[in-house]
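Numbering (my numbering), first residue to last: 20 to 191.
See the structure below:
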């Protein structure tokens, strides 16, 4: 399962490609592809990247930028997903869309600043078990929040931020 930063990065890459397409009077990301890519980012990435290659939109600079961003995506393969990955939960689909629109609008990526639960926990020098103890929940909860298997609500995000000594914005 992807975490928030990884999903955002996939969306940002799609937005970069679409921005390049628009600058050449083309469209790569149709409404259907937008929906599909936000539900299944790795599949969408392959489709959008292939379409950009066919349209000869991938300049060396754009390809290098995409490679830099893609290098931040280190997601495990879901062996239980079968041939087609499971759709992301709706909040993560929104994260993909946010990344897409940030890039399409020329905004610098936000994932450098919003580091996520896992990164903030590690920066605080805590294990999942230590954070769970501090919050009064199970280590399994922490793991599921970090991987995006479960999206914590606003109250829980506030509790996590308090436990880690960071802002809520750092986590989402």
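Ideal Cβ placement from N, Cα and C applies to all residues, glycine included.
Extent of the continuous alpha helix (DSSP H) to which residue i belongs
| i | result |
| --- | --- |
| residue 139 | 135-142 |
| residue 177 | 173-183 |
| residue 46 | Careful: residue 46 lies outside any alpha helix (DSSP H) and carries neither H nor E. |
Inter-residue CB distance, residue i and residue j (contact presumed, cutoff 8 Å)
| i | j | result |
| --- | --- | --- |
| residue 89 | residue 32 | 7 Å |
| residue 91 | residue 28 | 5 Å |
| residue 161 | residue 151 | 5 Å |
| residue 67 | residue 56 | 6 Å |
| residue 166 | residue 22 | 6 Å |
DSSP state of residue i mapped onto helix, strand, coil
| i | result |
| --- | --- |
| residue 126 | coil |
| residue 84 | helix |
| residue 109 | helix |
| residue 131 | Because the pLDDT of residue 131 is 47, which lies under 50, any placement of that residue in the model is unreliable, and the question is left without a value. |
| residue 60 | helix |
| residue 155 | coil |
| residue 162 | helix |
| residue 55 | helix |
| residue 167 | coil |
| residue 103 | coil |
| residue 93 | coil |
| residue 36 | helix |
| residue 78 | coil |
| residue 22 | coil |
For residue j and residue i, the rounded distance between their alpha carbons
| i | j | result |
| --- | --- | --- |
| residue 121 | residue 177 | 25 Å |
| residue 142 | residue 108 | 26 Å |
| residue 75 | residue 82 | 11 Å |
| residue 24 | residue 149 | 23 Å |
| residue 103 | residue 60 | 11 Å |
| residue 173 | residue 87 | 31 Å |
| residue 118 | residue 84 | 15 Å |
Cβ-Cβ distance between residue i and residue j below 8 Å
| i | j | result |
| --- | --- | --- |
| residue 106 | residue 145 | no |
| residue 52 | residue 44 | no |
| residue 195 | residue 70 | The structure shown has nothing for residue 195, since the chain only spans 20 to 191. |
| residue 123 | residue 34 | yes |
| residue 180 | residue 190 | yes |
| residue 115 | residue 26 | yes |
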